[in-house]
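Just below is one structure, and these are the notes that go with it.
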Amino acid sequence: MPNGNVVAGGHTWTLEGQDDFTKNAAIGSFASDGNTPVYTGDHGMSWDEYGDGWTSTYSGGAPGYMPSAVQSVHDGVLDWYLHNYKGTPVAANPSPLPGGHQTQTYGRYSLCEKLVPADSHMLDDFYQAMLLWPQNDSDSPSAESDFPEGPLNASSFSAYAHWGGSGAQDVFDTQTINTTQWHVYTQEWGPGFRRYYIDGNLLGVSTNQVTSLPERWQLQVEPSGSDDGDTGHVYVGWVVIWSF
5 MPNGNVVAGG
15 HTWTLEGQDD
25 FTKNAAIGSF
35 ASDGNTPVYT
45 GDHGMSWDEY
55 GDGWTSTYSG
65 GAPGYMPSAV
75 QSVHDGVLDW
85 YLHNYKGTPV
95 AANPSPLPGG
105 HQTQTYGRYS
115 LCEKLVPADS
125 HMLDDFYQAM
135 LLWPQNDSDS
145 PSAESDFPEG
155 PLNASSFSAY
165 AHWGGSGAQD
175 VFDTQTINTT
185 QWHVYTQEWG
195 PGFRRYYIDG
205 NLLGVSTNQV
215 TSLPERWQLQ
225 VEPSGSDDGD
235 TGHVYVGWVV
245 IWSF
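Taking our numbering, the leading residue of the sequence shown gets 5, the next gets one more, and so forth.
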């Protein structure tokens with residue numbers, strides 16, 4: 005896990021929060037009302053979580069978040085145990101609170117992730133979008149930024165910079181990767197730009213109508229709308245947040 009301030013893209017980014025998940029938390033401990041932190045790591049960063057029964061966006065608004073049955077921390081990872089719970093595929097959507105605040109204007113966001121499918125379906129009941137979301141929900145058509153995003157049975161993920169509303173977006177696709185191995189996904193957001201990196205390599209840059217309004221980071225994993233009964237895990241080994 006990176007430590008301290010970092011120079012990237014010709015700018016020095018200031019460390020705001022980090023977590024390498026050395027403090028264990030059992031399944032059930034992430035039960036959330038959506039307003040109260042549910043976990044604080046050994047580096048002092050707290051986490052909030054979408055509540056049990058909250059609807060997921062990708063599956064058409066069906067109930068899909070059940071952190072009390074999905075989320076845990078063990079063996080140095082934040083774990084999404086993806087499975088069918090009482091007849092419904094369920095996932096979770098945590099959000100870090102660096103310095104106790106959920107939003108900031110501009111920043112650098114980095115996570116290390118791998119997938120652990122348990123069967124031949126390769127987690128095709130699930131989808132992820134690790135996203136920056138505006139403080140004001142109504143600004144999302146012109147302010148959302150997602151990376152990595154895509155179905156969990158895919159061999160690549162994409163970065164999406166939404167701008168201008170009406171579906172306007174810049175899209176950058178990764179090359180084929182082995183998603184069951186560790187990869188580092190990074191977003192940089194500053195005045196007039198969004199940059200996306202995979203494993204330290206620049207994937208793409210968007211400069212179209214970049215928002216200057218506060219955003220939060222959601223590590224969103226959700227049902228895709230199918231139900232093949234597949235199970236498995238998303239592991240995140242560390243996350244780091246810097247300010248501009």
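No residue lacks a Cβ here, since even glycine has one placed at the ideal position from N, Cα and C.
Look at Tyr-239 and Val-120 and say whether their C-beta atoms are less than 8 Å apart.
Yes; because the gap between Cβ atoms is below 8 Å, this pair is in contact.
In whole angstroms, what separates the C-alpha of Phe-2 from that of Arg-220?
Only positions 5 to 248 of the chain appear in the structure, and residue 2 is not among them; the question remains open.
Taking its Cβ as the centre, do 16 or more other Cβ atoms sit within 10 Å of Gln-108, making it buried, or is it exposed?
Flag for Gln-108 reads buried.
Please report the distance separating the alpha-carbon of Gly-241 from that of Ser-210.
Going from the Cα of Gly-241 to the Cα of Ser-210 covers about 27 Å.
DSSP on Asp-56, reduced to helix/strand/coil?
Coil.
Below 8 Å, can you find three or more Cβ-Cβ pairs linking the stretch 195-210 to the stretch 94-101?
The stretch 195-210 vs the stretch 94-101: no contact.
What are the complete beta strand (DSSP E) segments, minimum 3 residues, inside the stretch 24-101?
50-53, 75-78, 81-89, 92-94, 98-101, all fully within the stretch 24-101.
What does DSSP give as the partner residue(s) for Tyr-164 in the beta ladder?
BP columns for Tyr-164 point to Asp-150, Val-175.
Judging by CA-CA distance, which residue of Glu-53, Ser-33, Ala-30 is the nearest neighbour of Thr-40?
The option with the nearest alpha carbon to Thr-40 is Glu-53.
7 Å CB neighbourhood of Gly-80 in its chain, flanking five on each side removed:
These residues qualify, in order along the chain: Asp-24, Phe-25, Thr-26, Gly-241.
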